[in-house]
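**Q** Residue numbers (the working numbering), protein chains in the order written: chain X, 10 to 387; chain B, 20 to 73. Beta carbons: idealized from backbone N, C-alpha and C, even for Gly. Quick caveat: nothing in here was measured; it's all calculated off a predicted structure. Please read through the structure below; I'll follow up with questions.
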Amino acid sequence: MADTSVASAAAQPAARRSAGLPFALLVLAGVAATTLFAGARFGLMLVLGLGFGLVLEGLRFGFAGPWRQMILRRDPGGILAQLLSIGLVALAAIPLLGTNAEELIGSQGRIGWAMVGGAFVFGTAMQVVLGCGSGTLVNAGSGNAVALVALPLFCVGSLLGSLHMDWWTNLGALPPIVLSGGSGLALTLALLAATAAIVLARAAPGSRRIPGRYVLAAVLLAVLAIANLVVAGQPWGVVYGLGLWAAKGTAGLGVDLSASGFWSAPINAARLGASILTDYTSLTNIGMILGAAWISMRRPGALDQPVPRLPAQAWVAAALSGLVLGYSSRLAFGCNVGAFYSGIATGSLHGWVWFAAAFAGSVLGLRLRPWFGLEPRQ
Amino acid sequence: MTRRAVAATACMMLAALLALDLAAAPPNPYDAPALFALGSGAAPVGGFCGAPGS
Numbered sequence: 010m011a012d013t014s015v016a017s018a019a020a021q022p023a024a025r026r027s028a029g030l031p032f033a034l035l036v037l038a039g040v041a042a043t044t045l046f047a048g049a050r051f052g053l054m055l056v057l058g059l060g061f062g063l064v065l066e067g068l069r070f071g072f073a074g075p076w077r078q079m080i081l082r083r084d085p086g087g088i089l090a091q092l093l094s095i096g097l098v099a100l101a102a103i104p105l106l107g108t109n110a111e112e113l114i115g116s117q118g119r120i121g122w123a124m125v126g127g128a129f130v131f132g133t134a135m136q137v138v139l140g141c142g143s144g145t146l147v148n149a150g151s152g153n154a155v156a157l158v159a160l161p162l163f164c165v166g167s168l169l170g171s172l173h174m175d176w177w178t179n180l181g182a183l184p185p186i187v188l189s190g191g192s193g194l195a196l197t198l199a200l201l202a203a204t205a206a207i208v209l210a211r212a213a214p215g216s217r218r219i220p221g222r223y224v225l226a227a228v229l230l231a232v233l234a235i236a237n238l239v240v241a242g243q244p245w246g247v248v249y250g251l252g253l254w255a256a257k258g259t260a261g262l263g264v265d266l267s268a269s270g271f272w273s274a275p276i277n278a279a280r281l282g283a284s285i286l287t288d289y290t291s292l293t294n295i296g297m298i299l300g301a302a303w304i305s306m307r308r309p310g311a312l313d314q315p316v317p318r319l320p321a322q323a324w325v326a327a328a329l330s331g332l333v334l335g336y337s338s339r340l341a342f343g344c345n346v347g348a349f350y351s352g353i354a355t356g357s358l359h360g361w362v363w364f365a366a367a368f369a370g371s372v373l374g375l376r377l378r379p380w381f382g383l384e385p386r387q
Numbered sequence: 020m021t022r023r024a025v026a027a028t029a030c031m032m033l034a035a036l037l038a039l040d041l042a043a044a045p046p047n048p049y050d051a052p053a054l055f056a057l058g059s060g061a062a063p064v065g066g067f068c069g070a071p072g073s
């Protein structure tokens with residue numbers, strides 16, 4: 010009997026892991042259908058999104074977590090890996106943008122009051138829910154209930170931000186400032202190196218290194234991000250797709266968005282009327298959720314863990330934080346991915362300003378977590 | 020409730036979103052762009068995070 014029960018217990022994880030196979034086949038069928046019914050470029054973008062999800066969840070890499078580690082424990086590994094990855098993308102992206110300006114576009118945002126404030130608030134909220142744009146998607150796919158609560162409200166917040174964007178931007182904003190050409194690349198790499206030096210100087214003794222899996226994640230993310238630019242003609246982003254989902258849902262309910270300056274702009278109006286299977290950020294967002302879900306299915310016991318019992322105020326905080334994440338990232342011209350990662354990697358100065366403001370906001374966010382019941386008060 | 024139910028809910032929400040969108044705006048494969056934007060000669064027309072307001 011004992012042998013049977015032991016064998017049965019051992020067989021359970023294997024059986025659950027095998028559930029990943031039908032899921033993988035379903036996802037591959039989705040990729041094939043997207044390729045067939047929307048176009049090869051869109052099928053390939055879904056594959057790239059799956060890659061982002063596999064890397065982020067499979068190597069447990071992200072954006073909010075490493076910032077938290079740096080602020081709380083002065084552990085620089087994750088943030089150094091982020092800087093490394095951005096530098097690798099910049100090495101390819103800035104020259105490509107310079108020589109193919111008619112086909113490719115960088116992640117350019119306007120530095121202004123709303124952008125800086127939006128980035129600060131985003132940094133605060135992302136530490137409350139421990140998930141940024143990509144993190145919320147990946148966490149929801151891997152079974153994190155807080156992220157699942159935050160995600161729909163992230164979409165709604167992004168839509169609301171887009172509706173108010175003109176008002177906020179009119180408070181004052183500079184035109185996009187782009188570091189381009191050889192000097193732009195050199196300056197970007199020098200700024201990344203200087204930031205890394207500051208991070209290393211602030212790091213706890215004995216922790217001044219990048220763990221191997223973070224190096225691998227940084228390189229793989231860079232490869233995927235460069236591929237994103239080459240295939241889509243635009244850098245990796247997250248927030249636009251989430252706002253588009255909410256906008257399409259709202260329009261589907263009969264609300265006319267044509268009075269909105271944002272949604273009446275030609276590119277955005279075209280997206281609103283087209284399938285989300287032809288929207289690049291939507292496709293990579295979908296891929297990230299599915300890629301993370303598949304990794305979790307393959308990871309023994311990962312999906313068998315119970316959802317944590319949190320006080321009601323924690324769930325309310327998660328929901329409100331989702332709303333704030335969406336709203337603020339729209340005003341800030343992106344989240345950690347679209348503004349910080351892709352912004353800096355494609356030479357946009359707003360990426361650097363976003364980084365400084367969001368990092369300051371993260372310090373505040375980590376102090377707020379205990380007050381929302383998400384961590385024990387000290 | 021386990022994380023399995025949460026992950027399944029996330030996937031079902033995605034499926035619902037796709038189903039509703041496909042019903043409202045089916046893609047047109049005959050309108051598909053070249054596989055790679057780089058080298059296509061076409062200007063980028065996708066929505067992106069840095070998209071300005073009006």
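1) Would you say Met31/B reaches chain X, if we count a Cβ-Cβ gap shorter than 8 Å as a contact?
2) What residues of chain B sit near Arg280/X, judged by a beta carbon separation below 8 Å?
3) Quick one: residues in its chain with C-beta nearer than 7 Å to the C-beta of Ser14/X, no 5 flanking neighbours on either side, listed in chain order?
4) Does the Cβ-Cβ distance between Ser143/X and Gly252/X come in under 8 Å?
5) Ordered along the chain, which non-local residues of its own chain (more than five positions away) have a Cβ less than 7 Å from that of Cys164/X?
6) Check whether the Cβ atoms of Trp361/X and Gly29/X lie closer than 8 Å to each other.
7) Beta-carbon separation of Arg280/X and Gly66/B under 8 Å?
8) Is the CB of Ala38/B under 8 Å away from at least one CB in chain X?
9) Can you tell me which of the three DSSP states Thr13/X falls into?
10) In this structure, how does DSSP classify Val316/X when only helix, strand and coil are distinguished?
11) Flag Gln314/X as yes if its beta-carbon sits less than 8 Å from any beta-carbon of chain B, otherwise no.
12) Cβ closer than 7 Å: which chain X residues qualify as neighbours of Ala26/B?
13) Using a beta-carbon distance below 8 Å, is Phe70/X in contact with chain B?
14) Going by beta carbon distance, what residues of the same chain come within less than 7 Å of Trp324/X, once the five residues before and after it are set aside?
15) Touching or not, the region 258–272 of chain X and the region 306–322 of chain X, by the rule of three or more beta carbon pairs under 8 Å?
16) Sort out for me which residues DSSP pairs Thr21/B with in a bridge.
17) Quick one: what's got a C-beta closer than 7 Å to Tyr289/X's C-beta in the same chain, skipping five residues either side?
18) Of all the residues that make up the region 103–117 of chain X, which are near chain B by a beta-carbon distance shorter than 9 Å?
19) Use the C-beta contact count for Asp40/B: other C-beta atoms within 10 angstroms, 16 or more gives buried, fewer gives exposed.
20) Please name the residue in Pro379/X, Ala354/X and Arg376/X whose C-alpha comes closest to that of Ala99/X.
**A** So, from the data block:
1) Residue numbering aside, residue 31/B sits at position 12 when the second sequence is read from its first letter. No, because no Cβ of chain X sits closer than 8 Å to the Cβ of Met31/B.
2) As a first step, residue 280/X must be located in the first sequence, where it is residue number 271. Those within 8 Å of Arg280/X in chain B are Gly65 and Gly66.
3) Along the first sequence, one-based indexing puts residue 14/X at 5. Below a pLDDT of 50, predicted positions are generally treated as unreliable, and Ser14/X, at 47, falls in that range; no measurement from the model is reported.
4) Indexing the first sequence from 1 puts residue 143/X at position 134. Indexing the first sequence from 1 puts residue 252/X at position 243. No, the pair does not count as a contact, with Cβ atoms beyond the cut-off.
5) For the purposes of this step, residue 164/X is taken as the residue at position 155 of the first sequence. Once the five neighbours on either side are set aside, the close Cβ partners of Cys164/X are Leu251, Gly252, Trp254, Ala255 and Gly335.
6) In the first sequence, counting from the first residue as 1, residue 361/X sits at position 352. In the first sequence, counting from the first residue as 1, residue 29/X sits at position 20. It is not a contact, given that the beta carbons lie outside the stated cut-off.
7) Residue numbering aside, residue 280/X sits at position 271 when the first sequence is read from its first letter. Residue numbering aside, residue 66/B sits at position 47 when the second sequence is read from its first letter. A contact, by the Cβ cut-off of 8 Å.
8) As a position in the second sequence, residue 38/B is number 19, starting the count at 1. Not an interface residue.
9) Within the first sequence, residue 13/X is the residue found at index 4, counting from 1. Any reading at Thr13/X needs caution, since the residue's pLDDT is 47, under 50, leaving its predicted position unreliable; the model's value is listed next. Helix, per DSSP.
10) Taking the first residue of the first sequence as position 1, residue 316/X is located at position 307. Residue state, collapsed to three classes: coil.
11) Locating residue 314/X in the first sequence gives position 305, counting from the first residue. Yes, Gln314/X counts as interfacial toward chain B.
12) One-based indexing of the second sequence puts residue 26/B at position 7. The answer, in chain order, is Gly150, Ser151, Gly152, Ala302, Ser305 and Leu312.
13) For the purposes of this step, residue 70/X is identified with residue 61 of the first sequence, where counting begins at 1. Residue-level contact by beta carbon fails for Phe70/X and chain B, as no gap is shorter than 8 Å.
14) On the first sequence, residue 324/X is found 315 positions in, with the first residue counted as 1. Once the five neighbours on either side are set aside, the close Cβ partners of Trp324/X are Val158.
15) no
16) Here residue 21/B refers to the residue found at position 2 of the second sequence. BP columns for Thr21/B point to Pro315/X.
17) Position 280 of the first sequence, counting from 1, holds the residue named residue 289/X. Hits under 7 Å: Met54, Ala241 and Gln243.
18) Leu105, Asn109, Glu111, Glu112, Leu113, Ile114, Gly115, Ser116 and Gln117
19) For the purposes of this step, residue 40/B is identified with residue 21 of the second sequence, where counting begins at 1. That one is buried.
20) Along the first sequence, read from residue 1 onward, the residue named residue 99/X stands at position 90. Considering only alpha carbons, the answer is Ala354/X.
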